[in-house]
Structure formats: C-alpha cells, structure tokens
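Visitor: Reminder that position 161 of the sequence shown reads as 161 in full-length UniProt numbering, one-by-one numbering, no gaps. We put the beta carbon where it would ideally sit given N, CA and C, even for glycine. Here you go, one structure.
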Amino acid sequence: MQLDLDLLRTFTSVVDTGGFGSAGLRVHRSQSTVSQQVRKLEELTGKTLLLRDRNGVTLTDDGELLLAYARRLLTLHEEATNALGEQTPTHVLRVGVVEDFAGTAWMHTLADFVRQRPAVRLETVCDLSTHLQRQYARGQLDLIVAKDVVPPGMHSPIALPADCEVVWSEPLRWIAAENYRPPAAQTASLPLVLFMPGCVYRQAAIQSLELGGRAWHAVLSTQSLHGLQAALRAGMGLSPLNTAAAHLHSGSHGRGTELVVLDENRHGLPPLGHSRYLLRLAHPGTAAEDDLQLLAQLVRQQVRRWHAQHSAPPAALAA
Numbered sequence: 001m002q003l004d005l006d007l008l009r010t011f012t013s014v015v016d017t018g019g020f021g022s023a024g025l026r027v028h029r030s031q032s033t034v035s036q037q038v039r040k041l042e043e044l045t046g047k048t049l050l051l052r053d054r055n056g057v058t059l060t061d062d063g064e065l066l067l068a069y070a071r072r073l074l075t076l077h078e079e080a081t082n083a084l085g086e087q088t089p090t091h092v093l094r095v096g097v098v099e100d101f102a103g104t105a106w107m108h109t110l111a112d113f114v115r116q117r118p119a120v121r122l123e124t125v126c127d128l129s130t131h132l133q134r135q136y137a138r139g140q141l142d143l144i145v146a147k148d149v150v151p152p153g154m155h156s157p158i159a160l161p162a163d164c165e166v167v168w169s170e171p172l173r174w175i176a177a178e179n180y181r182p183p184a185a186q187t188a189s190l191p192l193v194l195f196m197p198g199c200v201y202r203q204a205a206i207q208s209l210e211l212g213g214r215a216w217h218a219v220l221s222t223q224s225l226h227g228l229q230a231a232l233r234a235g236m237g238l239s240p241l242n243t244a245a246a247h248l249h250s251g252s253h254g255r256g257t258e259l260v261v262l263d264e265n266r267h268g269l270p271p272l273g274h275s276r277y278l279l280r281l282a283h284p285g286t287a288a289e290d291d292l293q294l295l296a297q298l299v300r301q302q303v304r305r306w307h308a309q310h311s312a313p314p315a316a317l318a319a
C-alpha cells in the first residue's frame with residue numbers, strides 16, 4: 001500500500017473543516033471530487049475512515065489512527081520541500097482590507113491561502129474603506145474588502161459596480177459601555193467616539209444626527225479599532241459600529257466593562273441604516289486570475305464565519 005499525499009491532504013481538510021463542501025474550498029476542488037478522494041483513500045487502506053451523517057463527519061478509530069500519520073507525513077513533505085529551496089514567488093497579489101477584518105479573521109484567510117498557494121506573495125494594506133476604494137480604482141490593489149452604509153429607509157439597494165459583491169450585511173448600531181447613559185435632553189450634545197474622517201461609519205452617524213437636528217461632538221477620533229473600543233469601555237461616549245466589531249475585543253479577555261447596543265427609541269438616537277461588507281475583485285486575465293478567485297472564496301467564507309460568530313448583539317439593549 002502506497003499512501004498518496006494528495007489524498008491525505010484532502011482527508012485532513014475534511015476533518016479540519018468538518019465537511020466535504022468546506023474542505024473543497026480549502027483544497028480548491030469540488031465537493032464531489034473531495035468525496036471521491038476520501039472514498040479512494042478508504043479503498044486503498046481497506047478501512048472505513050469517516051462516518052457521515054446530516055451533522056457532518058465523525059472519525060472512526062481507524063480514521064483517528066490514519067489522521068495522526070497523515071499530519072506527520074504532510075509536515076515532513078513540507079519541511080523537505082522548504083529544505084530543498086524556497087519557491088520564488090510567481091507573482092504578487094495586492095490586497096486591501098478594512099481594519100476590523102484585518103485582525104484574526106484576515107490572519108485565518110491569509111494562512112489558508114498561503115498553505116494552498118505558497119508560490120504567491122500577498123501584500124496587504126489596512127486602511128479606511130474610502131481610501132481602499134480609491135486605490136482599487138487606480139489599479140493599485142487587486143482585491144479589497146471594504147464597507148459602505150445603506151441609509152435608513154432606503155428600500156432600493158444601492159447599485160454596485162459589476163466587480164463588486166456584498167458578502168455580509170447587518171444593521172449599524174449605536175454602541176456604548178453597559179453602564180453608559182447618553183444625555184437625556186435632546187438639546188444636549190452627544191459625545192461620539194469615532195474613526196478618523198473618511199470612515200463610512202463616521203459619515204453615517206454624523207449625517208443621521210444632523211438630519212435629526214441633534215448636536216454632537218467628537219471626544220475621540222482614532223485609526224485604531226482597539227483604541228476606539230477602549231474609549232467606549234471607559235465610558236467616554238457612544239459610537240456607530242456593527243456588532244461583530246463591538247465583540248471583537250470586549251469579549252476576548254473575559255473581564256472589564258462590556259459593550260452593549262443602545263436602544264434608539266429609549267435614548268432618542270436616530271437609526272443608522274445597514275452596514276455592508278463589500279468584496280471587489282479585479283480580473284487581470286493572467287495566471288493570477290485563479291489565485292484571486294481562490295482568495296476571494298476564502299474571504300467570503302471567513303467574513304461569513306466571523307460574522308456568524310459575532311453577529312448577535314454584544315449584550316441586551318441598554319435600558
């Protein structure tokens with residue numbers, strides 16, 4: 001019996017991702033091909049390796065045994081390949097991402113891509129959406145993950161360019177520390193914790209407040225999401241955020257003041273509309289096209305997974 005590294009790689013991907021479809025995205029094959037490869041590996045070993053049901057896959061005892069050897073063999077293969085000489089990058093992909101996606105979510109995407117395309121070099125820029133859009137329009141970036149805001153009450157979707165798709169949408173909410181109370185008087189100026197000018201969330205908040213005749217002032221303007229969250233947790237004011245961004249830091253250490261969604265009606269706050277994550281993908285018409293398509297698919301998968309984990313409000317509506 002001679003074990004095929006390609007089959008072992010597919011097998012470990014099924015175990016790691018929990019299903020044939022998600023494994024297909026990782027190894028860049030169709031779900032049916034992944035299923036055929038696992039079946040071929042089972043025929044080769046003469047063992048049932050996985051039990052399949054509607055909830056996913058479960059390793060058998062033989063599967064657990066093979067998995068340990070598979071990981072060792074794949075690791076040794078990678079070490080041997082690296083020892084014989086580094087691969088020269090075939091080309092460079094220039095990518096731009098907004099900061100709230102540029103943390104753990106982007107690192108997982110990057111790791112998945114590098115494993116599958118070790119000969120491709122990624123150069124990533126982290127910036128505000130408006131800046132990323134401008135660089136993309138100038139041809140300086142091949143792929144971007146940016147954001148926009150659909151104003152409240154807009155029933156017809158905003159038209160998007162042909163190379164742009166919405167990968168996630170959720171309400172934009174007013175976020176503050178759980179013990180924070182906005183000024184009760186409608187004539188009082190609201191203290192806002194905001195990203196720097198150019199941020200689409202900042203623009204949406206200011207526009208909504210000014211349309212409603214509500215005074216405001218910026219107590220902090222920052223480029224850092226973690227700095228913004230720290231200011232909110234300290235009770236400095238309120239901020240327009242999606243709930244995934246509000247969760248990103250406040251729940252990570254298990255201590256400190258939690259962030260909550262403020263009740264707009266109770267506190268007299270204007271609605272902010274919907275936040276959308278946008279994926280824009282250039283089409284160079286070269287060998288890079290396949291790599292860009294893979295990276296785009298990994299981004300879609302990671303954005304949805306990230307938001308599915310954090311899309312519930314960070315806490316109940318503040319009283």
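Taking the alpha-carbon positions, what's the Glu-178 to Ser-224 distance?
Guide: 21 Å
Visitor: Would you say Leu-143 and Leu-93 are within 8 Å of each other, going by their C-beta atoms?
Guide: yes
Visitor: Is the distance from the Cβ of Leu-259 to the Cβ of Leu-232 below 8 Å?
Guide: Yes. Within cutoff.
Visitor: Straight-line CA distance for Glu-78 to Val-150?
Guide: 46 Å
Visitor: If you run the structure through DSSP and keep just helix, strand and coil, what is Asp-53?
Guide: strand
Visitor: Measure the Cβ-Cβ separation of Ser-239 and Leu-192 and say whether it is below 8 Å.
Guide: yes
Visitor: Please report the residue range of the alpha helix (DSSP H) in which Lys-47 lies.
Guide: Note, Lys-47: premise wrong, no alpha helix (DSSP H); not H, not E.
Visitor: Quick check: is any heavy atom of the ligand ADP less than 7 Å from the C-beta of Ala-159?
Guide: The model on display carries no ligand, and the ligand ADP is accordingly not part of it.
Visitor: From the DSSP output, which residues share a beta bridge with Thr-58?
Guide: Leu-51
Visitor: What are the uninterrupted segments assigned as beta strand (DSSP E) that are 3 or more residues long and contained completely in the segment 84-132, given in chain order?
Guide: Those beta strand (DSSP E) runs which fall completely within the segment 84-132 and span 3+ residues are 91-97 and 120-126.
Visitor: Can you tell me which of Gly-235, Arg-280 and His-217 puts its alpha carbon nearest to the alpha carbon of Cys-164?
Guide: Scanning Gly-235, Arg-280 and His-217 for the CA closest to the CA of Cys-164 turns up Arg-280.
Visitor: What's the C-alpha gap between Asp-112 and Leu-73?
Guide: 19 Å
Visitor: What is the C-beta distance between Pro-270 and Arg-214, in whole angstroms, given that I count them as a contact (C-beta under 8 Å)?
Guide: 7 Å
Visitor: Run the CB neighbour count on residue 333, radius 10 Å, all protein chains shown included, and call it buried at 16 or more, exposed below.
Guide: Limits of the chain in this structure are 1 at one end and 319 at the other, which puts residue 333 out of reach.
Visitor: Do you know how far the Cα of Arg-121 is from the Cα of Glu-43?
Guide: 38 Å
Visitor: Taking the alpha helix (DSSP H) that Arg-276 belongs to, which residues open and close that run?
Guide: Looking at the DSSP string, Arg-276 is not in any alpha helix (DSSP H); the run it does join, the beta strand (DSSP E), is 274-281.
Visitor: Rounded to whole angstroms, what's the CA-CA distance from Leu-248 to Ile-206? Just pull it up for me.
Guide: Summary for Leu-248: the model assigns pLDDT 45, below 50, so the residue's position carries little reliability; its value from the coordinates is reported in the next sentence. Computed Cα separation, rounded: 24 Å.
Visitor: Under 6 Å Cβ to Cβ from Val-200, same chain only, skipping five residues before and after it: list those, please.
Guide: Ser-129, Lys-147, Asp-148 and Val-149
Visitor: Which ranges does the beta strand (DSSP E) cover as unbroken runs of at least 3 residues, wholly within the segment 134-209, from first to last along the chain?
Guide: Inside the segment 134-209, DSSP marks whole beta strand (DSSP E) runs of 3 or more residues at positions 143-150, 164-171, 173-177 and 190-195, from first to last along the chain.
Visitor: For the alpha helix (DSSP H) that contains Thr-222, what are its first and last residues?
Guide: That residue, Thr-222, is in no alpha helix (DSSP H); its beta strand (DSSP E) goes 216-222.
Visitor: Looking at Val-167: is its Cβ nearer than 8 Å to the Cβ of Arg-300?
Guide: yes
Visitor: According to DSSP, what are the bridge partners of Ser-239?
Guide: Ile-175
Visitor: What distance in whole Å lies between the Cβ atoms of Leu-49 and Gly-60, which are believed to be in contact at a cut-off of 8 Å?
Guide: In the sequence on display, residue 60 carries Thr and not Gly. The C-beta distance from Thr-60 to Leu-49 rounds to 6 Å, short enough to fall under 8 Å.
Visitor: If you count every other CB in all the chains shown that lies within 10 Å of the CB of Gly-46, and 16 or more means buried, which is it?
Guide: exposed
Visitor: Using C-beta distances below 6 Å, list every residue in its chain close to Val-303, excluding the 5 sequence neighbours before and after it, in chain order.
Guide: Val-167, Trp-168 and Tyr-277
Visitor: From Thr-187 to Leu-262, what does the alpha carbon distance come to, in whole angstroms?
Guide: 19 Å
Visitor: Classify Leu-269 as helix, strand or coil using the three-state DSSP reduction.
Guide: coil
Visitor: Quick one, are the C-beta atoms of Leu-51 and Leu-7 less than 8 Å apart?
Guide: In this structure, Leu-51 lies away from Leu-7, with their beta-carbon atoms at least 8 Å apart.
Visitor: Does DSSP classify Leu-3 as helix, strand or coil?
Guide: coil
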